[in-house]
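Colleague: Input: one structure, supplied below.
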Amino acid sequence: MAINRISVILFILLFLFTNQAQSQGTRMAISMESIDIPSVIKVGTYEQLVMCLGAPQYHFVSHINPINPKYIENNTHIPPRSTIECEILVYDAFEYIMVGDSVQLVFIDVINSKYQVCIDGVCLSKMTKQKDFMLRMESKGYWMQSDYECCVGAIESHYGTLVPVSVYHFDFKEDPYSHVLITFKRKKCWWQSERIWWIGIPVMRNCGIVH
37 MAINRISVIL FILLFLFTNQ AQSQGTRMAI SMESIDIPSV IKVGTYEQLV
87 MCLGAPQYHF VSHINPINPK YIENNTHIPP RSTIECEILV YDAFEYIMVG
137 DSVQLVFIDV INSKYQVCID GVCLSKMTKQ KDFMLRMESK GYWMQSDYEC
187 CVGAIESHYG TLVPVSVYHF DFKEDPYSHV LITFKRKKCW WQSERIWWIG
237 IPVMRNCGIV H
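Note that the numbering used here numbers the sequence shown so that position 14 is 50, with each residue one more than the last.
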């Protein structure tokens with residue numbers, strides 16, 4: 037009986053180890069191709085964007101790095117040698133980056149969007165709760181890291197208010213050094229649910245408008 041029990045225990049441990057190895061191997065990255073917003077352009081030309089959403093509410097000039105500078109040499113961050121001038125095109129619920137005549141969606145204000153945002157079939161609207169969304173993403177094999185921020189102030193074109201948020205980082209297929217950020221408003225009381233707020237999408241450096 038003792039030998040049988042040991043055999044069963046070893047089998048269970050082997051099963052758990054195999055499952056863990058498989059789950060780590062199924063870590064998935066969000067791709068621009070897996071993001072779907074009906075009637076909204078994700079990547080294209082400025083002319084296509086205007087035909088889709090009309091002229092932007094306003095725009096401003098900015099700069100982006102042609103390569104990702106997030107690498108370290110001798111414990112020192114090496115800055116990029118040059119930057120690319122771009123324009124940020126701002127709509128009520130969306131924000132695009134434009135390089136030359138090419139545009140890419142980089143920001144979605146889910147609360148103010150009249151369109152659903154679907155990521156690999158998991159759809160988001162302004163009523164989406166954080167727990168439900170995360171469970172569905174996990175069931176599809178997506179892996180994420182969470183960050184708790186005190187306030188939102190880095191998005192100069194949309195928000196500068198001191199609002200507590202929960203930020204989740206998902207790997208981004210088109211740039212392995214960047215993350216898709218999905219942000220939920222945090223509530224003051226434990227019985228209140230956290231609801232979706234906005235989604236930040238990095239610039240596509242692989243097969244995108246910036247190389």
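Every residue gets a Cβ at the ideal spot worked out from N, C-alpha and C, and that includes glycine.
Select from Lys150, Val146 and Leu125 the residue whose C-alpha is nearest the C-alpha of Gln140.
Modeller: The residue with the shortest Cα to Cα distance from Gln140 is Leu125.
Colleague: Measure the alpha-carbon distance for Ile71 versus Val79 and round it to whole angstroms.
Modeller: Going by the C-alpha atoms only, they are around 11 Å apart.
Colleague: Tell me, which residues are paired with Leu171 by DSSP?
Modeller: Leu171 pairs with nothing; no bridge assigned.
Colleague: My assumption, with CB atoms under 8 Å, is that Pro200 sits in contact with Arg172. Please give the rounded CB distance.
Modeller: Actually they are not in contact, since the Cβ atoms of Pro200 and Arg172 sit about 24 Å apart, beyond 8 Å.
Colleague: Out of Pro212, Tyr151, Met240 and Ser138, state which residue places its alpha-carbon closest to the alpha-carbon of Trp234.
Modeller: The candidate whose alpha carbon is nearest that of Trp234 is Tyr151.
Colleague: How long is the line joining the alpha carbons of Arg231 and Tyr178, rounded to whole angstroms?
Modeller: Straight-line Cα distance between these residues: approximately 20 Å.
Colleague: So, at 7 Å on beta carbons, what are the nonlocal neighbours of His95 in its own chain, with the 5 sequence-adjacent residues on each side left out?
Modeller: Excluding residues within five positions, the ones whose Cβ falls inside 7 Å are Glu123, Ile124, Leu125 and Val126.
Colleague: Could you check what DSSP says for Tyr94 in three-state terms: helix, strand or coil?
Modeller: Tyr94 falls in the strand class under three-state DSSP.
Colleague: Once the 5 residues before and after Ile73 are set aside, which same chain residues still bring their CB inside 7 Å of it?
Modeller: Cβ within range, chain order: Tyr151 and Val153.
Colleague: At which residues does the beta strand (DSSP E) containing Val79 begin and terminate?
Modeller: Unbroken beta strand (DSSP E) run through Val79: Val79 to Thr81.
Colleague: Can you pull the DSSP bridge partners for Leu141?
Modeller: Beta-bridge pairing links Leu141 to Tyr132.
Colleague: Going by DSSP in three states, Ile245 sits in which element: helix, strand or coil?
Modeller: Note: Ile245 maps to coil in three-state DSSP.
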